Amino acid sequence: MQLLRNLARRRLRTGLTVSGITIGIWALVVFSSMANKVDALVSGGSDYYAGKIVVSDGGFGGIGGQPMRLADLDALIAIDGVDVVVPTVAMIAQEIQGVSFGPPDQVWGTPVGADEGRETYNPPVATGRSLTADDEGTDVAVLGSSIAAKRNAGVGDTITLDGRNFEVVGVLEPTLSTPDVTIAVPFTTAQGLVHADLPAVVRDAVDAAQLATSFTVFPTDGVDHDALATTIEARLPGIEALTGDAYDQSVGSSVSVFNSIIVGIGLVSLIVGGLSVINTMAMSVAERTREIGIKRAIGARRRRVVRELVVEAGVIGTIGGLLGIAFGALVVVLVNEAGRSSGTVLFDLTPNTAIFALAFSTILGIVAGIVPAWSAARLDPVAALRYE
Amino acid sequence: MALLEARNLRKTYRLSKSNVVEALRGVDVTIDEGEMVAIMGPSGSGKSTLMHVLGLLHKADSNHGPAPELRFAGQDVTGLADNERTRIRATEMGFVFQAFNLVPTLTAAENVALAAEYAGTRGPAARAAAIEALGLVGLADRAQHRPSELSGGEQQRVAVARALINRPRLVIGDEPTGNLDSVRSAEVLGLLRGLNREHGHTFLIVTHDPEVGEACDRTIRMRDGVVVSDGREAARAVA
């Protein structure tokens with residue numbers, strides 16, 4: 036009570052200091068949420084690439100390059116150390132492109148069961164079912180969570196791709212990664228879609244049934260992935276073989292730099308907030324010199340004076356932290372809601388981020404209060420009593 | 009019985025290289041339990057400094073002249089560390105200042121309770137004691153008022169209640185009537201005198217006011233950092 040009255044004594048100043056912390060924590064929460072989202076994206080990719088080598092014609096993830104031939108599968112399977120090869124057909128879903136953060140929307144098809152049980156990356160189905168081998172030749176689709184939200188489509192609805200109608204048979208759980216923006220269709224159907232999408236000149240020269248845009252290679256147990264990737268690249272000129280380690284290195288390291296930068300921005304704003312707490316507490320101490328002198332004279336120990344002021348500073352930090360988290364959460368929710376219609380989920384505010392932000396702001400307040408509090412406790416009570 | 013015994017108190021303030029003030033130049037005083045003593049003297053005579061040293065707010069110099077000696081209630085308190093001196097101030101002493109010195113954000117009752125809390129009394133008990141102490145100075149009905157809502161005389165009575173709440177052995181007053189008009193001044197003085205007579209509190213009052221001096225049992229007069237007259241011998245002779 037007494038503490039709140041002390042804080043209320045200089046409402047404007049306390050309010051400004053709390054605002055400083057609030058803005059700092061707000062920035063930390065928002066930027067950390069963005070970093071969380073990027074992390075989820077990258078770790079999704081990391082999970083996907085684990086234990087396999089993705090062979091494509093140079094475009095990242097098999098998108099956008101010249102099509103490979105299904106015949107390349109035979110060349111791959113012939114390589115020593117290659118156990119299972121799964122062909123994939125993928126294309127960027129042109130008509131539903133918009134401004135987006137992360138991977139582009141894509142249509143994806145792969146023969147069910149061709150992995151012989153080697154695929155470990157299977158995003159769980161939220162509603163409906165996943166594709167089966169019996170779906171080949173039909174126009175059915177399983178939607179990623181963002182696509183489903185964007186197209187406002189659920190199981191049983193019909194969506195249109197390149198003028199063809201597809202029945203939605205399943206929707207995936209959100210992963211915050213590529214599957215969210217993926218429309219999975221049967222392999223042969225995907226081949227047809229890609230074929231129809233090719234430039235006329237190329238299209239005439241290619242048989243739809245021979246199309247593949249990438250291959251997933253599952254190496255034999257104990258085979259060195261990097262060495263195998265090198266061998267694959269040597270055997271099939273013009274293609275690229277990406278291992279899980281290579282993905283982690285190339286994407287993971289650049290993402291960690293990105294994350295450091297955005298968390299750094301949040302931290303800088305917090306340092307500014309922390310300095311303003313020091314300033315506020317130093318001013319409070321100067322203003323209350325006489326009061327501190329009275330308290331010391333009538334028997335308050337130094338420790339008690341320190342505790343009183345440090346707790347006050349800690350409360351400033353806590354209030355600022357709570358407000359910062361609240362405003363941050365508001366922005367995260369609003370932006371995500373606004374983006375959901377276009378399939379763009381920008382932020383991921385985790386409980387850990389919120390707890391860290393609150394603990395950080397409280398500790399920041401306490402630490403910032405220690406020096407002014409200690410100097411207050413060192414005052415000579417007699418001199419402090421004379422202070423005007 | 010002597011409550012306070014001081015020998016060879018010296019205190020020099022070095023305000024700057026060229027400005028050295030010898031505020032106390034070897035002071036010996038003894039205050040008996042239950043006495044009401046005034047310390048008088050012109051400005052700069054060292055009476056405030058003496059009060060600060062006797063009230064354990066400052067330490068006597070021990071680096072020149074004969075070693076100082078200060079005993080309070082039989083205990084040697086000459087060289088005690090800050091925490092110990094603070095504890096004695098909190099539990100065994102009460103202070104009344106010229107400028108009242110109440111905490112502006114706290115109510116009268118909270119100001120009084122503060123002193124009880126510093127002496128180790130917990131919340132509800134401290135609040136009850138505060139109301140009782142305010143009753144003793146006739147301000148029970150003003151307990152929930154802030155200092156700014158009280159007159160000078162009322163504020164000083166709150167300060168007296170704060171000084172008395174822990175039933176201290178010694179109450180020190182620094183010009184307790186200095187900021188009050190003659191009517192309020194007489195009121196506060198009468199209050200102190202009554203408390204001394206009825207409850208046996210020992211009072212040590214620094215003052216300019218001859219009326220305060222007269223109301224006390226004895227007057228110690230100071231000039232230039234030494235005691236020039238101490239009513240103690242006279243008081244003894246009369247007794």
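If you read the protein sequences in the order shown, they are chains A and B.
Count along the first sequence from 1, add 35, and you get the number used in the working numbering.
Count along the second sequence from 1, add 8, and you get the number used in the working numbering.
Where a beta carbon is used, it is the ideal one built from N, C-alpha and C, also for glycine.
Since the structure is predicted, the reported quantities are computational estimates derived from the model, not experimental observations.
{"Check": "Distance, threonine 353(A) Cα to valine 220(B) Cα", "Outcome": "52 Å"}
{"Check": "Same chain, Cβ closer than 6 Å to phenylalanine 253(A), five either side skipped, listed in chain order", "Outcome": "Lys87, Asp118, Val119 and Arg153"}
{"Check": "Lysine 25(B) burial status per 10 Å Cβ neighbour count (16 or more: buried)", "Outcome": "exposed"}
{"Check": "Top-ranked residue by Cα proximity to glycine 205(A), from Val406(A), Val220(A) and Ala106(A)", "Outcome": "Val220(A)"}
{"Check": "Residues bridged to alanine 46(B) (per DSSP)", "Outcome": "Ile213(B) and Thr227(B)"}
{"Check": "Of the residues Pro155(B), Leu142(B), Glu41(B) and Ser70(B), the one placed nearest alanine 81(B), counting alpha carbons only", "Outcome": "Glu41(B)"}
{"Check": "Which of helix, strand or coil DSSP assigns to asparagine 387(A)", "Outcome": "helix"}
{"Check": "Exposure label - glutamine 152(B); buried when at least 16 CB within 10 Å", "Outcome": "exposed"}
{"Check": "Per-residue contacts from aspartate 90(B) into chain A (C-beta, under 9 Å)", "Outcome": "Arg336 and Arg337"}
{"Check": "Three-state class that DSSP yields for arginine 238(A) in the structure shown", "Outcome": "helix"}
{"Check": "Beta-carbon proximity list for glycine 328(A), same chain, < 6 Å, skipping 5 on both sides", "Outcome": "Pro416, Ala419 and Leu420"}
{"Check": "Interfacial residues, the segment 60-77 of chain B to chain A, with Cβ spacing under 9 Å", "Outcome": "His60, Gly63, Leu65 and His66"}
{"Check": "Residues of the segment 400-423 of chain A with Cβ closer than 9 Å to any Cβ of chain B, in chain order", "Outcome": "Asp415, Pro416, Val417 and Leu420"}
{"Check": "Residue-chain proximity (asparagine 27(B), chain A), Cβ-Cβ < 8 Å", "Outcome": "no"}
{"Check": "Neighbour-count burial assignment, proline 74(B), 16 or more Cβ in a 10 Å radius", "Outcome": "exposed"}
{"Check": "Cβ of glutamate 372(A) within 8 Å of any chain B Cβ", "Outcome": "no"}
{"Check": "Close beta carbons around proline 112(B), own chain, < 6 Å, minus the five adjacent residues each side", "Outcome": "Pro155"}
{"Check": "Chain A contact for leucine 114(B) (CB, 8 Å cutoff)", "Outcome": "yes"}
{"Check": "Candidates Glu157(B), Ala138(B), Val85(B) and Arg135(B), of which the one nearest histidine 66(B) by Cα", "Outcome": "Val85(B)"}
{"Check": "Delimiting residues of the alpha helix (DSSP H) encompassing leucine 111(A)", "Outcome": "107-112"}
{"Check": "Min CB distance isoleucine 30(A) to chain B below 8 Å", "Outcome": "As displayed, chain A neither begins before 36 nor continues past 423, which places residue 30(A) out of reach and without an answer."}
{"Check": "7 Å Cβ shell around methionine 9(B) - same chain, five flanking residues per side excluded", "Outcome": "Asp40 and Glu41"}
{"Check": "Contact set between glutamate 326(A) and chain B, taken where Cβ atoms lie within less than 7 Å", "Outcome": "Val111"}
{"Check": "Residue range of the beta strand (DSSP E) that includes phenylalanine 103(B)", "Outcome": "101-104"}
{"Check": "Alpha-carbon to alpha-carbon, aspartate 197(A) and serine 54(A)", "Outcome": "51 Å"}
{"Check": "Cα-Cα separation, alanine 394(A) to threonine 388(A)", "Outcome": "10 Å"}
{"Check": "Coarse secondary structure for glutamate 13(B), derived from DSSP in three states", "Outcome": "strand"}
{"Check": "Distance between methionine 316(A) and alanine 348(A) (C-alpha atoms, nearest Å)", "Outcome": "7 Å"}
{"Check": "Whole-number beta carbon distance between threonine 123(A) and serine 249(A), since they are thought to touch under 8 Å", "Outcome": "5 Å"}
{"Check": "Through-space distance from alanine 14(B) to proline 76(B), alpha-carbon basis", "Outcome": "8 Å"}
{"Check": "Segments assigned beta strand (DSSP E), at least 3 residues, entirely inside the segment 272-316 of chain A", "Outcome": "275-278"}
{"Check": "Glutamate 202(A) versus Val177(A), Pro209(A) and Ala184(A), residue with shortest Cα-Cα distance", "Outcome": "Val177(A)"}
{"Check": "Beta-carbon proximity check, serine 180(A) vs proline 209(A), cutoff 8 Å", "Outcome": "yes"}
{"Check": "CB-CB length for valine 235(B) against valine 29(B), believed under 8 Å", "Outcome": "Not quite, the Cβ-Cβ distance comes to about 18 Å (not below 8 Å), so this is no contact."}
{"Check": "Cβ neighbours of glycine 99(A) in the same chain (closer than 8 Å, five flanking residues each side left out)", "Outcome": "Because glycine 99(A) sits at a pLDDT of 45, beneath the cut-off of 50, its placement in the model cannot be relied upon, and the point is left open."}
{"Check": "Given alanine 183(A) as reference, the closest of Gly172(A), Thr173(A), Thr195(A) and Tyr84(A) once Cα atoms are compared", "Outcome": "Thr195(A)"}
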